[in-house]
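Novice: Sharing a structure with you now.
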Amino acid sequence: MAQSSIAMNRFGLGARPDEAVPVDSQKWLTAQFESFNPRPAEIAAAPNSRAVSEDLAKYLEDQRQLRQQYGPARRPGAALAGPPAMSGSMAGTPDTVAVPEPGARKDDPLAQARQFARRQGRDDYATAVGARTIAALVTPAPFVERLVHFWSNHFAVSADKLTVVGLSGTLEFEAIRPHVLGKFGDMLSAVERHPAMLLYLDQAQSVGPNSPIGARVAARGVRKIGLNENLAREIMELHTLGVRTGYSQADVTEFARAMTGWTVSGIARGPGARFTGTDGPAGAFVFAAALHEPGARTIMGKRYDQPGEHQAQSVLDDLAVHPATAAHVATKLARHFAGDAPPPALVERLQAAFLRTGGDLPSVYRVLIDAPETWAPQPLKFKTPWEWSVSSMRALGMKTIQPLAVTGLLNQLGQPIWRPGSPAGYDDIAASWAGPDAVMRRVEAAERFASRANGAIDARALAPKLFPAAVSPATSQALANADSPGQALALLLVAPEFMRR
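Numbering-wise (the working numbering), the sequence shown opens with residue 106 and increments by one.
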């Protein structure tokens, strides 16, 4: 496979027929560090976390008032208990929960939750999906856009949770994109302070048992409140150190104690909600001292006695440059660009660059660009549904899309955007995506793409533009023998060159 084809398809998001083939592939990749726009027009026009949070804050306040008016039997917790089930097809809408029946009572919290979830799915989630997709289609920096998607999956949240439906895309837009070419530690801090992450992993409900609020509630004897360890655990296990890398359950608990008080303005829930700085903009990060567990913490053998908010931040700062974090990040990057079984030598070089530069991400990316392992002529990765969909749309020259069509397509292909279902994100190995049923769904989608092209695209001429000096004789023969332009285009979109990178 020619280096230009590898650059456009393995490092980038797939070639476009209207773009020039890179002459110097490595320079083309590094030049994108300058041409990348963290806030292109389509992203800037999407709802931001403040706007989404204001809507969420109004919904939560309405639910609170309904609870007060109609009693605990109708408390909003029942409406929020289950994740919204989103579905759709290529031309369908991303239904968040079942549409309430006509005439549903306006004082019914469950009906209100359904209406709210549907509105968030239609107005905020789908709009953000559309913005992300258009950015991927028209970007002058497809390598960096790929890295945005990589980090968004690394720091995964899932729109399956009602309070995160509208905020899921804003985490990528506000915490990932501005830091994708910066320091890993800066990205880490931005992610962990973002309302989507704080709500998704229940940090906004965590209360120090010996904090002023914890002690007050405990004295009343009404209900038990206390630590929520979800965010602390996932930071250590998924975001930084990795599984089984020397930390203990006691370290997780101590980190959770350090993080108490990290919460969200205006949309936090639970006994400490009124102490979370509701005077600030809805969705803004707040440190609520009244929720913070007092005292020094010892985590992985180091003592942290910083006051208030700075205690958890100091832990994050250390985790961001820990050797285990460098190894974890290096392994995932190597797997993404050099194959499902990451080459150990490449992992070591990536880890060394990470540690040498204090987590400077462009320095790490340059190791990827310079690595012979990432330029192997044979395909190294099977595309995920998102990668295949974006590369198909780019191949067809698309620059605009219908957001609901994209949500439906990715739902059908099995990788709904920002909905991995767990904090671990989507798998990045072929075994998760290359099953017979999954491949058949791509064939069906390819046929629909080809049908909409209506014979206007010559796949025989398009193939060498997308894969310069890299179209196999078998694929060329299949395209030549196709019965129609539409069949040839469909065959191209599911050819080995197109399914792998």
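C-beta atoms are modelled at their ideal positions from N, C-alpha and C, and glycine is treated no differently.
1) Alpha carbons only, please: which of L424, W491, H259 is nearest the one belonging to L518?
2) Do you know offhand how far L304's Cα is from L272's?
3) Quick check on DSSP: helix, strand or coil for K486?
4) Would you check if the distance between the CB atom of M341 and the CB atom of L424 is smaller than 8 Å?
5) Whole angstroms is fine: what's the gap from W640's alpha carbon to Q483's?
6) Between the alpha carbons of M405 and E602, how many angstroms are there, rounded?
7) In three-state DSSP terms, what is M604?
8) What did DSSP end up calling D160 once you bin it into helix, strand or coil?
9) Less than 8 Å between the beta carbons of A558 and G591, yes or no?
10) Please classify W367 as buried or exposed, where buried requires at least 16 neighbouring CB atoms within 10 angstroms.
11) Residue ranges of each alpha helix (DSSP H) run of no fewer than 4 residues wholly in the stretch 424-470, ordered along the chain?
12) Checking the sheet assignment: what are the DSSP bridge partners for Y409?
13) Hey, how far is the Cα of G226 from the Cα of A233?
14) Rounded to the nearest angstrom, what separates G117 and L171 at their Cα positions?
15) Looking at the structure shown, is W523 part of a helix, part of a strand, or coil, going by DSSP?
16) Looking at L165 and I372, is the spacing between their C-beta atoms short of 8 Å?
17) Apart from the five residues on each side of it in sequence, which residues of its chain come closer than 7 Å, Cβ to Cβ, to R362?
18) Please report how far the alpha carbon of R605 lies from the alpha carbon of N114, in whole angstroms.
19) May I ask you to verify whether the stretch 253-273 touches the stretch 125-135, counting CB pairs closer than 8 Å and requiring at least 3?
20) Would you list the residues sitting across from W367 in a DSSP beta bridge?
21) From what residue to what residue does the alpha helix (DSSP H) around I534 run?
22) Count Cβ pairs between the stretch 537-556 and the stretch 568-581 that sit closer than 8 Å; are there 3 or more?
23) Just checking, does the stretch 489-507 make contact with the stretch 465-478 on the three C-beta pairs under 8 Å criterion?
24) Would the beta-carbon of L276 fall within 8 Å of that of V296?
25) For the alpha helix (DSSP H) containing T512, name the first residue and the last one.
26) Can you check which of these residues, D465, L596, A568, is closest to G119 by C-alpha distance?
27) Taking only the alpha-carbon atoms, compute the straight-line gap between L134 and D213 and give it to the nearest angstrom.
28) Going straight from the alpha carbon of T201 to that of A443, what length do you get?
29) Considering only their Cβ atoms, is the gap separating V391 from G385 smaller than 8 Å?
30) Please list, in chain order, all residues of the same chain as G351 whose beta carbon is under 8 Å from its beta carbon, the five residues on each side excluded.
31) Does the Cβ-Cβ distance between V420 and F360 come in under 8 Å?
32) Are there 16 or more other CB atoms within 10 angstroms of the CB of G208, so buried, or fewer, so exposed?
33) What did DSSP end up calling K570 once you bin it into helix, strand or coil?
34) Less than 8 Å between the CB atoms is what I'm expecting for F248 and G464, so what's the real figure, rounded?
Specialist: Taking the definition as stated:
1) W491
2) 9 Å
3) coil
4) yes
5) Residue 640 lies beyond the stretch modelled for the chain, which goes from 106 to 606, so this question has no answer here.
6) 47 Å
7) In the three-state DSSP reduction, M604 falls in the helix class (H, G or I).
8) helix
9) yes
10) buried
11) Counting whole runs of 4 or more residues, the stretch 424-470 contains the alpha helix (DSSP H) stretches 428-443, 449-462.
12) R402
13) Their backbone Cα atoms lie some 10 Å apart in a straight line.
14) 50 Å
15) coil
16) yes
17) Around R362: G313, L332, E398, R402.
18) 9 Å
19) Between the stretch 253-273 and the stretch 125-135, the count of Cβ pairs shorter than 8 Å is below three; the stretches do not touch.
20) F392
21) Premise fails: I534 is in no alpha helix (DSSP H) and is neither H nor E.
22) no
23) Of all C-beta pairs linking the stretch 489-507 to the stretch 465-478, fewer than three are shorter than 8 Å, placing the two stretches out of contact.
24) yes
25) 508-518
26) A568
27) 54 Å
28) Caution applies to T201, whose pLDDT of 32 falls short of 50 and renders its modelled position unreliable; the value that the coordinates give is listed next. Those two C-alpha atoms are separated by around 37 Å.
29) Result yes, Cβ atoms of G385 and V391 sit closer than 8 Å.
30) M405, A429
31) yes
32) Reliability fails at G208, whose pLDDT of 44 lies under 50, so the model's placement of it is uncertain and the value that follows must be treated cautiously. When all chains shown are included, G208 counts as exposed.
33) helix
34) Taking C-beta atoms under 8 Å as the contact rule, F248 and G464 fail to qualify, at a distance of about 19 Å.
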